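Numbering (UniProt numbering), first residue to last: 1 to 217.
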Amino acid sequence: MFELRNVTKSYLTPKGRRYIFRDLSLAIPPGKNIGLIGRNGAGKSTLMRLLGGADIPDSGTIATDQSISWPVGLTGGFQGSMTGRENIKFVCRVYGATGDAMREKIRFVEEFAEIGNWIDEPIKTYSSGMRSRVAFGLSMAFDFDYYLIDEVMSVGDAQFKRKSTELFKDKLQKSKVVLVTHSMREVENLCDIVLHVRDGQVQIYEDVQEGIKAYKA
């Protein structure tokens, strides 16, 4: 379960401070695949980062007893001068995976990403597709209660996309997802509830179709 109490979040812009949420309070039901929907700039990605702990509120509290991933497939956190293997090791240490556990996760990412000897080259020499493959594999190497996805995954060619989708669906047998997307088809296929973000407020719809209808209104 996620519980937000009087959460305020703003960003400083050249035109002054912009408030995304003011005194937002929300209790999200447990054990649900969550779809975050709303217009561009509504605050969907901000809410996802707040739920995942990647961003902190100006004031208020966010509480959960669930383990939450970083955004699946995120490549921005890689250190370019380090090799793929070194980046994987770094993340393993951050999440407490050492010894055999670390070696297993490195092996998993190597086999999944299918980039061969490039795994021992600096990340800055990778193509965007190679970085995405390593990032997605690294996300899947760890088990979380919730996986965060900002927009639908797009990794590699058609065959690799199928492989990625199958692996992710397998993960969702035991875990849940927080999905930020503009694709209502993905919401229908993956989500149990909808959080509609609009005008600094969040409305929970336990009927997915009602949430989609509100979004389209």
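For glycine and all other residues, C-beta sits at the position ideal for the given N, C-alpha and C. Note that this is a predicted model, so its numbers are computed, not measured.
Residue environment: Gly73 is assigned as buried (16 or more neighbouring CB atoms within 10 Å of its CB, all protein chains considered). Around the Cβ of Asn117, a 10 Å sphere holds fewer than 16 other Cβ atoms; the residue is exposed. C-alpha of Pro30 to C-alpha of Ile56: approximately 21 Å in a straight line.
Approximately 5 Å separates the beta-carbon atoms of Met130 and Ile115; this is inside 8 Å, confirming the contact. In the structure shown, the three-state DSSP call for Ile212 is helix. CA-to-CA, the gap between Asp65 and Phe2 works out to about 8 Å. A contact is defined here as three or more CB-CB pairs under 8 Å, and the stretch 7-16 fails this definition with respect to the stretch 34-42. Around the beta-carbon of Gly53, fewer than 16 other beta-carbon atoms lie within 10 Å, marking it exposed. When only Cα atoms are considered, Ser45 and Met102 end up about 30 Å apart. Straight-line measurement puts the Cα of Arg133 at about 5 Å from the Cα of Ala113.
Cβ atoms of Leu36 and Val178 come within 8 Å of each other, at about 7 Å. The criterion of a C-beta distance shorter than 9 Å is satisfied by Val194 and Ile34.
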